[in-house]
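Residue 615 in our numbering sits at position 499 of the sequence shown, with consecutive numbering throughout.
Using N, Cα and C, we set each Cβ at its ideal position, and we do this for glycine too.
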Amino acid sequence: MQRLPARSLILAIDDDDMVRLMLQEILQREAFDVICAASGKQGLALAASERPNLVLLDVMLPDLNGFDCLQAIKNMPGNSLLPVVMLTGMDDLESVNRAFQLGATDFISKPLNWPTLPHRLRYLLRSVATLEELARSEAALRQAQKIAQLGSWYWSIADDNMQWSEEVFNILGTNRSSFEHKCRDLYKSMQPSEVGKLQQAIDLCVKNRRSFRLELSITRRDGANQVIHIQGKPVIADGQVSHIHGTLQDITERRHIEERVRLLSYYDPLTGLPNRTLFKEVLAQAMAYCTRYGTVISTLFISIDRFKRINETLGPKIGDQVLKLFAERLLAEVRDCDYISINADYDLADMTVSRLGGNEFTVLLNRIEDTRDSVKVAKRIFQAMQHAFPVENTELFLGINIGIAVYPGDGQDEDSFIKNGEFAMNHASEHGHNNYQFFSKSLNVAAFHKLAMENSLRRAIERHELQLYYQAKINIRRQQVVGCEALIRWQHPELGLIGPSQFIPIAEDSGLIAQISDWVLENASRQTLDWQQSGLSQGLIMAVNVSATQFRQYGFGNHVRDVLTGIGLEPRYLKLELTETILLDHIDDALVTLRELQALGVKISIDDFGTGYSSLSYLKKLPISELKVDHCFVRDLPHNEDDMAITAAILALADALSLEVVAEGVENEDQANFLLDSGCEVVQGFLYNKPMPANEFAAFVRAFNAQRLLADKV
117 MQRLPARSLI LAIDDDDMVR LMLQEILQRE AFDVICAASG KQGLALAASE
167 RPNLVLLDVM LPDLNGFDCL QAIKNMPGNS LLPVVMLTGM DDLESVNRAF
217 QLGATDFISK PLNWPTLPHR LRYLLRSVAT LEELARSEAA LRQAQKIAQL
267 GSWYWSIADD NMQWSEEVFN ILGTNRSSFE HKCRDLYKSM QPSEVGKLQQ
317 AIDLCVKNRR SFRLELSITR RDGANQVIHI QGKPVIADGQ VSHIHGTLQD
367 ITERRHIEER VRLLSYYDPL TGLPNRTLFK EVLAQAMAYC TRYGTVISTL
417 FISIDRFKRI NETLGPKIGD QVLKLFAERL LAEVRDCDYI SINADYDLAD
467 MTVSRLGGNE FTVLLNRIED TRDSVKVAKR IFQAMQHAFP VENTELFLGI
517 NIGIAVYPGD GQDEDSFIKN GEFAMNHASE HGHNNYQFFS KSLNVAAFHK
567 LAMENSLRRA IERHELQLYY QAKINIRRQQ VVGCEALIRW QHPELGLIGP
617 SQFIPIAEDS GLIAQISDWV LENASRQTLD WQQSGLSQGL IMAVNVSATQ
667 FRQYGFGNHV RDVLTGIGLE PRYLKLELTE TILLDHIDDA LVTLRELQAL
717 GVKISIDDFG TGYSSLSYLK KLPISELKVD HCFVRDLPHN EDDMAITAAI
767 LALADALSLE VVAEGVENED QANFLLDSGC EVVQGFLYNK PMPANEFAAF
817 VRAFNAQRLL ADKV
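Put into structure tokens, the structure is as follows:
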């Protein structure tokens, strides 16, 4: 309830002496102060000088009629909310309507009801006090909104009625004459590219009953581009959104200030490149990504050779021009480089090249596949910087040195990584200009070793250095060898026996993998036939891993048929193991090849099942015969509940789809017993045998199967 003044001042304008006397007597007794006027002119004078809280005005006056007097009082400054009560003996509707049209607050007919009059006046005064307080609040709100450049809006969904505060019109620069009070008024104010975002946000607000916040670009009618922050909150009635209350704020200047602060804090003012601070932040993010996903990054630390001499000879102004030209050329070269990869989690497109300070720059190579990529980028930069730099009336030729640091390996955090990279850069400068050095000697050796390995691998086939080892697949319920997997090894003349993890990636990078895969397929098939002819095992099935490159070669199905036909091996004794990734990449083409192999009679197994896509939808489509449970799920059986649950689920899935199952990586009896109890009969792992050459494997099969025959006789 609004509080009234201690004694409200009432101005009574009436030409009836008795009425004025009664008003004074009764109202003063009820704690009102009363002043009286017997004519309109006198009343107007008192209204202007005394500023009453309420006016009682007779319609019939000797000099002015009450309606003219009412209009004059209302036109006085500050009197828009002043309550004016008309007193008259006239009760015709026309007089009542005219009084209210001119701003009268109430209309009381004579003779007056004296007992109720004070209460009626108090009610009117309280109402006016409330209106005045509301007007003051609205004025304060308008002023606050103007200062904050913040407006409010309200949308009624049922009738599509849109209401804006004054500041919304100011922010959007919208003309009131074009305002249709529709939601589309809001859309019309946005740039065309932003309308969809706002429309989607409002639609989702209505659908999901959730608030929204957006930053959008607008173009005002005067052509000015601005950034606004708009938000909306749903009003829910009967379980549905009936209205949306929202605010709209001009944040253009705030964004300009933030951008200026960001530029000063994170960018080099001379070159416009990210500075050391920003580089460290980006590097920290890249390192965290590497740690989480097991990827690799590399950074080139680049210094301009003998830059100090340029500054001393030609002056710092020329030195600054050289730095700017160098940065522009470096940035252009890196942006055109095929070896720059951008992480999807955060945008490094404008942060790849940085200036750490002085004549030192960095190039962050994100998620590289091979350390040799760093060398390729370094060589391109060397080549780009060989051309002269035109500065004023002369041309300068610059030498550069590059240090290369790789993460993980060359530092645990960004500070140590930068220190090691700068150390490598300084080490490179010691060997003359246009030189690069990895941080550690071991990395240099590794890069050289990898290149040497590639060269050796190219001649490994013709030199008969590749060998096949075989690991048994054993039915542990029948205690019988039912198949094997062919695994490649490289008998290097100098390095000895090399496992596939060391040279298969090199083969894939160099394009040798298809040739090697074909060699494996042919030799494994020939070995299977040799064992059959020697009476080793008529039912033994040979499993061969197929690379992505090999599988995607045109006519792979026909190639397998030609190999088997040439050797004389029946297709039912060959099983091809492919990963989920190989199968699902270009699945339509993969299905064609798989159906050709199925028609041929070759079995298909999904290797490392559960570590890739593992989608039920493709299992129904693919003509496969076997799932291989990856060793990562077998390793901790039967002590890890998660692995137990996953393995049981895979076995149940295979049973439902009538697929065979092989569990790989079985190394102890507990694992074997759990798998057997869970319905997996065929296993593969060190518990039974490690991969071994063909003659040793044949001896193992004979001994193992003979053991079973002996047990059957007993």
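Gln-583 carries a strand assignment under DSSP once its states are collapsed to helix, strand and coil.
In the structure shown, Cys-321 adopts helical secondary structure according to DSSP, grouped into three states. Pairing Leu-692 with Val-662 gives a Cβ-Cβ distance under 8 angstroms. Residues of the same chain with a CB within less than 6 angstroms of the CB of Ile-367, apart from the 5 flanking positions on each side, are Val-343 and His-345 in chain order. For Asp-133, the number of other beta carbons within 10 angstroms of its own is below 16, and it is reported as exposed. If you draw a straight line from the Cα of Pro-754 to the Cα of Met-760, it comes to about 6 angstroms. By the CB criterion at 8 angstroms, Leu-584 and Ala-602 fall inside the cutoff. Assigned with DSSP and collapsed to three states, Met-202 falls in strand. Contact holds between the region 349 to 366 and the region 321 to 329, because three or more Cβ pairs, one in each stretch, are under 8 angstroms apart. Tyr-523 is bridged by DSSP to Ile-413.
Phe-477 and Pro-390 have their alpha carbons spaced roughly 10 angstroms apart.
According to the DSSP assignment, Trp-647 belongs to the alpha helix (DSSP H) that extends over 629 to 649. DSSP places Cys-748 in the helix class (H, G or I) of the three-state scheme. In the DSSP assignment, Gly-388 falls outside any alpha helix (DSSP H) and carries neither an H nor an E. In its chain, beyond the 5 residues on either side, Glu-696, Leu-743, Lys-744, Val-745, Asp-746 and Ile-766 have a beta carbon closer than 8 angstroms to the beta carbon of Phe-725. For Met-306, the beta-bridge partners assigned by DSSP are Ile-334. Inter-residue distance for Ile-590 and Lys-495 is about 53 angstroms (C-alpha atoms, whole angstroms).
For Gly-362, the enclosing beta strand (DSSP E) starts and ends at 356 to 366. For the set Asn-821, Arg-378 and Lys-737, the Cα lying nearest the Cα of Leu-773 is the one of Lys-737.
In this structure, Asp-149 keeps its C-beta atom at 8 angstroms or more from the C-beta atom of Pro-178. Closest in alpha carbon position to Gln-595, among Tyr-804, Thr-681, Glu-508 and Thr-487, is Tyr-804. In this structure, Ser-124 sits near Asn-169, with a CB-CB distance shorter than 8 angstroms. Assigned with DSSP and collapsed to three states, Phe-554 falls in strand. DSSP places Asp-222 outside any alpha helix (DSSP H); the residue lies instead in the beta strand (DSSP E), whose first and last residues are 222 to 225. For Val-175, the three-state secondary structure derived from DSSP is coil. The C-beta distance from Leu-186 to Glu-248 rounds to 19 angstroms, too long to meet the 8 angstroms contact threshold. Bridge partners of Cys-600 according to DSSP: Ala-588 and Met-658. Judged by DSSP secondary structure, Thr-478 falls outside any alpha helix (DSSP H) and instead within the beta strand (DSSP E) spanning 476 to 481.
Membership of Phe-725 in the beta strand (DSSP E) is indicated by the continuous run 719 to 725. The Cβ-Cβ distance between Ser-641 and Leu-690 falls below 8 angstroms.
Around Val-212, the same chain offers Phe-223 as residues with beta carbons nearer than 6 angstroms, after the five sequence neighbours per side are excluded. Per DSSP, the continuous alpha helix (DSSP H) segment holding Asp-531 begins and ends at 530 to 545.
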